[in-house]
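Presented below is the structure to which this report refers.
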Amino acid sequence: MPFPRTTTAALYTIGTTGVIDRFTNENLAGKLLDIGVRPGSRLSIIRKSPFGSCWYVKIDRHCLALRKQELACILIK
Amino acid sequence: MHSNQVTAPARTAVVGLVGNPNSGKSSLFNLLTGLRQRIGNFPGVTVEKKSGKLKLAEIRTPVGTMDGEIAEDVRGVREVEIIDFPGAYSCYPTSLDERLVVQELTNPAGDLYPDAIVYVADVTKLDKHLLLFTQLRDLDLPMVLVLNMADLIEETGLKVDVERLSSRLRVPVVPVSARQGTGVDELKEVIADLLRNPEAYRPEEPFYEPGTRARDVLSELRRVLPARNNYHALLLAHHASWLKHIPEKTRHLVQESRVKHGFHSLRAQVEETMERYDTFEPIVRDTVRRGTNQSSLTDKVDNVLTHQIFGPLIFVVIMVFLFQALFAWSAWPMDGIEWIFESLGTGVRAILGPGWLTDLLVDGVIAGLGGVLVFIPQIAILFFFIALLEEVGYLARAAYMFDSIMQRFGLNGRSVVALISGHACAIPAIMSTRTIANWKERLLTILVTPLTSCSARIPVYVILISFAVPDVSWGPFGAQGLAFTGLYFLGITAAMLSALAFKLVLKSPERSFLMLELPEYRSPVWRNVGVTVWQKVKTFIVEAGKIILLISVVLWGLSTYGPPGAMDAARTQVQSQVETQGLDDDQAADLLASEQLEASFAGHIGKAIEPAIRPLGYDWKIGIALFSSFAAREVFVGTMAIIYSIGSTDDELRIQDRMAEEINPRTGEPVYNQATAWSLLVFYVFAMMCMATTAVTKRETGGWKWPIIQFTFMTVLAYVSAMVVYQVLS
Ligand SMILES: Nc1nc2c(ncn2[C@@H]2O[C@H](COP(=O)(O)OP(=O)(O)OP(=O)(O)O)[C@@H](O)[C@H]2O)c(=O)[nH]1
Ligand SMILES: [Mg+2]
Numbered sequence: 000m001p002f003p004r005t006t007t008a009a010l011y012t013i014g015t016t017g018v019i020d021r022f023t024n025e026n027l028a029g030k031l032l033d034i035g036v037r038p039g040s041r042l043s044i045i046r047k048s049p050f051g052s053c054w055y056v057k058i059d060r061h062c063l064a065l066r067k068q069e070l071a072c073i074l075i076k
Numbered sequence: 000m001h002s003n004q005v006t007a008p009a010r011t012a013v014v015g016l017v018g019n020p021n022s023g024k025s026s027l028f029n030l031l032t033g034l035r036q037r038i039g040n041f042p043g044v045t046v047e048k049k050s051g052k053l054k055l056a057e058i059r060t061p062v063g064t065m066d067g068e069i070a071e072d073v074r075g076v077r078e079v080e081i082i083d084f085p086g087a088y089s090c091y092p093t094s095l096d097e098r099l100v101v102q103e104l105t106n107p108a109g110d111l112y113p114d115a116i117v118y119v120a121d122v123t124k125l126d127k128h129l130l131l132f133t134q135l136r137d138l139d140l141p142m143v144l145v146l147n148m149a150d151l152i153e154e155t156g157l158k159v160d161v162e163r164l165s166s167r168l169r170v171p172v173v174p175v176s177a178r179q180g181t182g183v184d185e186l187k188e189v190i191a192d193l194l195r196n197p198e199a200y201r202p203e204e205p206f207y208e209p210g211t212r213a214r215d216v217l218s219e220l221r222r223v224l225p226a227r228n229n230y231h232a233l234l235l236a237h238h239a240s241w242l243k244h245i246p247e248k249t250r251h252l253v254q255e256s257r258v259k260h261g262f263h264s265l266r267a268q269v270e271e272t273m274e275r276y277d278t279f280e281p282i283v284r285d286t287v288r289r290g291t292n293q294s295s296l297t298d299k300v301d302n303v304l305t306h307q308i309f310g311p312l313i314f315v316v317i318m319v320f321l322f323q324a325l326f327a328w329s330a331w332p333m334d335g336i337e338w339i340f341e342s343l344g345t346g347v348r349a350i351l352g353p354g355w356l357t358d359l360l361v362d363g364v365i366a367g368l369g370g371v372l373v374f375i376p377q378i379a380i381l382f383f384f385i386a387l388l389e390e391v392g393y394l395a396r397a398a399y400m401f402d403s404i405m406q407r408f409g410l411n412g413r414s415v416v417a418l419i420s421g422h423a424c425a426i427p428a429i430m431s432t433r434t435i436a437n438w439k440e441r442l443l444t445i446l447v448t449p450l451t452s453c454s455a456r457i458p459v460y461v462i463l464i465s466f467a468v469p470d471v472s473w474g475p476f477g478a479q480g481l482a483f484t485g486l487y488f489l490g491i492t493a494a495m496l497s498a499l500a501f502k503l504v505l506k507s508p509e510r511s512f513l514m515l516e517l518p519e520y521r522s523p524v525w526r527n528v529g530v531t532v533w534q535k536v537k538t539f540i541v542e543a544g545k546i547i548l549l550i551s552v553v554l555w556g557l558s559t560y561g562p563p564g565a566m567d568a569a570r571t572q573v574q575s576q577v578e579t580q581g582l583d584d585d586q587a588a589d590l591l592a593s594e595q596l597e598a599s600f601a602g603h604i605g606k607a608i609e610p611a612i613r614p615l616g617y618d619w620k621i622g623i624a625l626f627s628s629f630a631a632r633e634v635f636v637g638t639m640a641i642i643y644s645i646g647s648t649d650d651e652l653r654i655q656d657r658m659a660e661e662i663n664p665r666t667g668e669p670v671y672n673q674a675t676a677w678s679l680l681v682f683y684v685f686a687m688m689c690m691a692t693t694a695v696t697k698r699e700t701g702g703w704k705w706p707i708i709q710f711t712f713m714t715v716l717a718y719v720s721a722m723v724v725y726q727v728l729s
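Just so you know, the protein sequences line up as chains B and W, in that order.
The C-terminal position of the first sequence is numbered 76 in numbering that gives the first Met the number 0, with every residue numbered one higher than the one before it.
The C-terminal position of the second sequence is numbered 729 in numbering that gives the first Met the number 0, with every residue numbered one higher than the one before it.
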């Protein structure tokens, strides 16, 4: 079993899935936690927005739209 | 001793509907109150407040008392006030909307502090929606947990153990379907009981205990903070800087204490939230069993509707359809309304006979009212569509798709909602911006939204386009129809470009967010759509109606009376002219009317501003219309009616025909030529002509600065563009 590595979700491409490890930015962490995104949640990238810079993601079963910078502060293992 | 003595409550009990966004609070509110709701404003802030009355049956069940007597079963009705709070995710607010919830729920002395809370949670999302629940519970408020969308429980194969949930959370739990109306009677009973003996519903122990650092701060501050318990004090310590009920002195103390004990607000918030999830997650796991994957339909639909290429195309198609339908469907009801008011005017004139009262009633009041009410079909249809798109869940998708573009113009994806609603009316559109957390993005949206062509501009466009564009068509495309569409595009383009200009001028270090929930697609609750449409139409009639009625009467007065002597002078002059030129009765009446208008107060005002508007191609009569339009642009048509029909015998002639006959005395050409008509059109697209919108901008931005900037910017833009258009075309 490979040693678990964390990468930022922004490096993910469409279709990939991972489990959220932690957040790198406290400010965004507070907001993400509030809307139900938390360590242990399963995140999958569904698609990119029509004019770029936003992502349609699924956290557990719920759909969410996140900007690239917002995705960048989520670390995935 | 009987327990049924009636103690009159000091005030009507307040019940607050609180919960996460999209949990169905408003749906439940509509169901409970029907049309018995009032829209007001939360005190001191700007957010729309919805409150309504709810009648609760006050049934006292027989209780065996100590002395063996049975207390009588007393039935009565108790009325409580129910408030629909905006949606909030937690007690750590990001947007204005959420702040308001925290503000009111942490202020026990406030008018809106609820005696009981109906916490509305989406039963399919309990794992997220209980966060705020546990926070409010720790504030020691009597609560009932509503599991809304109970109709989805079976549909999605969900299994919920309501009793177990209730005993673990230690609050009453009621499954409700705001869509189907089930569970409401039980809910009402629980609310009545909650209000009757709140003590029985107080929490025994909190869900969360503040951490060490926070405890140090709290023990120091408990004496100065007006707090009910530890968690209340903690929230006050977090938010003292912006909570309105915290005095300045206390704010300083809080700040000092926070620094002294190294209390880091953000870190404490994250810790608290994580701990809360750890507390309630096991409860949810224990009581709710998930069935089939419920959102597979949403996934399929979103594959198409939010597709990278098809998504925006479908959006455009929906918008085109929306505006097509708007005009197609509203045509005949509008004709009907017009016809009713015309007949009413003729009828009143026939019954009352000529006289100043008849003129006031027919030319002022009836014409003015008709001018307002004729918009109702369009406003209703537009809001019908917007409410529908919102109910179904599409507007959130539009915000997601266009966020990137909007960012480039300094706006937010959520601005899309305001920019679409602005085509109906700028006022609710500006109100809708309060979900935008970033102040600069919100401000820009507020500033540019009035540039979109609201429905009050439609009749102005209709009248003027017939002078600006010949009535020709190529196949299915009429030139006038295309010009109409062009004006809409002009408005939205101007809005976007202005946003860009403001973006470059204004600096803001604040971070901006999207972080938007995309709710499952749901078939709409028609009651919600109906209530929204009804409310918007009602507000429009009352607000616009008041202004227009007032303006029509004032304008009628100004154009009927003049400075002492001036009117008489006009009359004698016309008399002599009639004699010398041998005019017949009709011609004489027309001449008298126009001379008197010129001599009236309105005429003087028009003449006074004529030099300023001559470069735009307008004469003093248009000046009068322009001047009165600054109160509300929809009075343009009514003003035209008054200006061109006063005293004249041919009032059955339509305004448009009357305008076509208008000749410029200096050039001998028609006044409403192509250049003037286009210039006027452009002026009305850009100009800020709505006092109600200015008032809303002032309220929403908290001062006179931005409404003044908005007004000046738009008016200068209108003036310059109209002048350029006129000079180029003439
Ligand atoms: N199936 C189902 N859908 C519901 C029910 N109640 C509300 N909805 C839907 O849920 C969505 C949100 O309802 P709202 O009443 O606007 O939610 P809200 O809590 O007022 O939302 P905010 O004001 O944004 O906080 C709407 O699309 C409703 O049609 C219900 O009982 N069953
Ligand atoms: Mg609502």
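Note that beta-carbon positions come from the ideal geometry of N, C-alpha and C, so glycine has one too.
Short CB-CB distance (under 8 Å) between B/K76 and chain W
no
Can you look up W/D72 in the DSSP assignment and give me helix, strand or coil?
Low local confidence applies: a pLDDT of 47 at W/D72 is under 50, so the model's placement there is unreliable, and no value is given.
Three-state class that DSSP yields for W/M639 in the structure shown:
helix
Can you tell me where the alpha helix (DSSP H) with W/L515 in it begins and where it stops?
That residue, W/L515, is in no alpha helix (DSSP H); its beta strand (DSSP E) goes L515 to L517.
Counting only C-beta atoms, is W/I404 closer than 8 Å to chain B at any point?
yes
Let me see if you follow: with CB-CB separation under 8 Å, is B/M0 close to chain W or not?
With a pLDDT of 46 at B/M0, under the threshold of 50, the modelled position of this residue cannot be trusted; read the value that follows with caution. It does not; no Cβ of chain W falls within 8 Å.
From the DSSP output, which residues share a beta bridge with W/M142?
W/I116
Who are the Cβ neighbours of B/T23 in its own chain at under 7 Å, not counting the five residues just before and after it?
C72 and L74
Below 8 Å on the Cβ atoms is my contact criterion, and I expect W/A631 with W/A543 to pass it. Report the Cβ-Cβ distance as a whole number of Å.
6 Å
Can we say the segment 350-358 of chain W touches the segment 439-447 of chain W, given the rule of at least three CB pairs closer than 8 Å?
no
In its own chain, which residues sit with a C-beta less than 8 Å from the C-beta of W/M690, not counting the 5 before and 5 after it?
I546, F629, A630 and A631
Please classify W/K48: does DSSP put it in a helix, a strand, or coil?
strand
The segment 22-38 of chain W in contact with the segment 174-187 of chain W per 3-pair CB rule at 8 Å:
yes
Over the uninterrupted alpha helix (DSSP H) stretch that includes W/S295, give me the two end residues.
S295 to L304
Under 9 Å between beta-carbons, which chain W residues line up against B/I19? List them in chain order, please.
By Cβ distance, chain W contributes nothing, its closest Cβ being about 12 Å from B/I19, past 9 Å.
Using CA coordinates, which residue listed in W/V577, W/A601 and W/G602 is at the minimum distance from W/L591?
Sorting W/V577, W/A601 and W/G602 by C-alpha distance to the C-alpha of W/L591 places W/V577 at the top.
Hey, how far is the Cα of B/L32 from the Cα of W/V269?
8 Å
Regarding W/K24 and ligand 2, is the C-beta to nearest heavy atom distance less than 7 Å?
yes
If you measure from the beta carbon of B/C72 to each beta carbon in chain W, is any gap under 8 Å?
no
Please go through the same chain and pick out, in chain order, the residues whose beta-carbon is closer than 8 Å to the beta-carbon of W/S558, but skip the five residues on each side of it.
L596, S599, F600, A601, G602, I623, I641, I642 and I645
Nearest-angstrom Cα distance between W/D114 and W/G261?
35 Å
Between which two residues does the beta strand (DSSP E) harbouring B/A9 extend?
First-last for B/A9: undefined, no H or E at that position.
Straight-line Cα distance separating W/T700 from W/T648:
Because W/T648 carries a pLDDT of 41, less than 50, the predicted location of this residue cannot be relied on, and no value is offered for it.
Contacts around W/W703, its chain only, beta-carbon distance under 7 Å, and the 5 residues preceding and following it disregarded
Only K697 meet the Cβ criterion.
Ligand 2 and W/D126: does any heavy atom of the ligand fall closer than 7 Å to the residue's C-beta?
No; taking the cut-off as 7 Å, the Cβ of W/D126 has no heavy atom of ligand 2 nearer than that.
Residues near W/V459 in its chain [Cβ-Cβ closer than 6 Å; skip 5 each side]:
F635 and Y683
By the 10 Å Cβ neighbour count, where 16 or more other Cβ atoms means buried, how is W/E71 classified, buried or exposed?
A caution first: W/E71 carries a pLDDT of 47, below 50, which makes its placement in the model unreliable, though a value can still be read off. So W/E71 counts as exposed.
From this set, W/D184, W/G370, W/P332 and W/L193, which residue's C-alpha is nearest W/A633's C-alpha?
According to the sequence shown, residue 633 of chain W is Glu rather than Ala. Selected option, being the one with the closest Cα: W/G370.
Taking only the alpha-carbon atoms, compute the straight-line gap between W/L233 and W/L224 and give it to the nearest angstrom.
10 Å
Counting only beta-carbon separations shorter than 8 Å, does W/P311 have a partner in chain B?
yes
Would you say the beta carbon of W/P427 comes nearer than 7 Å to a heavy atom of ligand 1?
no
Between W/V283 and the rest of its own chain, which residues show a CB-CB distance below 7 Å, the 5 nearest in sequence each way excluded?
Result list for W/V283: L125, D126 and L129, in chain order.
Answer yes or no: does any C-beta atom of chain W fall closer than 8 Å to that of B/R41?
Not closer than 8 Å to any Cβ of chain W, the Cβ of B/R41 fails to qualify, so no.
Among the candidates W/A397, W/I457, W/R289 and W/S240, whose CA atom is the shortest distance from the CA of W/L325?
W/I457
Residues of the segment 253-278 of chain W in Cβ contact with chain B at a cutoff of 8 Å, in chain order, please.
For the segment 253-278 of chain W, which is checked against every Cβ of chain B, the residues closer than 8 Å are L265, R266, Q268, V269, T272, M273 and Y276.
With distances taken from CA atoms, which of W/I81, W/A397, W/H422 and W/G421 is nearest W/N411?
W/A397
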